[in-house]
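Numbering (our numbering), first residue to last: 2 to 139.
Ideal placement from N, C-alpha and C gives every residue a C-beta, glycine not left out.
No experiment lies behind these values; they were computed from the predicted model shown.
Okay, so here's the structure we're looking at.
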């Protein structure tokens, strides 16, 4: 298995572990949903907006989660606030299906965490340059 495949395997394990922790903490806080909006192009991109419902709940509580480290099959423990963990996890799952989304013309979308159903949905779009070509010979 290549180094990248090992890292991706560890990253998926870390995501599954952190997902359960996050949903439990969000439920305890009374959160119903969290939305992360991301966008980018030209080889850079990131999070544009973060919202939590109901409004007024602070995502600053710190929790201990796992973190994947390149070259190490064993994740490390890390203390981060809920917002950082959700943003990181959201970008990880976008990369699972849309790796490189920020390159060239780019793309974006929304990641929505539904606490009641414990489901995470990713709505993604890619920007595309289209070329129409025709040739006529008379």
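Within a 10 Å sphere around the beta-carbon of residue 11 sit 16 or more other beta-carbons, which makes this residue buried. Residue 103 holds the alpha-carbon nearest to the alpha-carbon of residue 48 among 135, 120, 103, 133. Between the region 13-20 and the region 80-93 there are three or more C-beta pairs closer than 8 Å, enough to call the two in contact. In the three-state reduction of the DSSP assignment, residue 79 falls in the strand class.
If you look at residue 105, you'll find it isn't in any beta strand (DSSP E); DSSP assigns it neither H nor E. In this structure, the alpha-carbon of residue 113 lies about 46 Å from that of residue 136.
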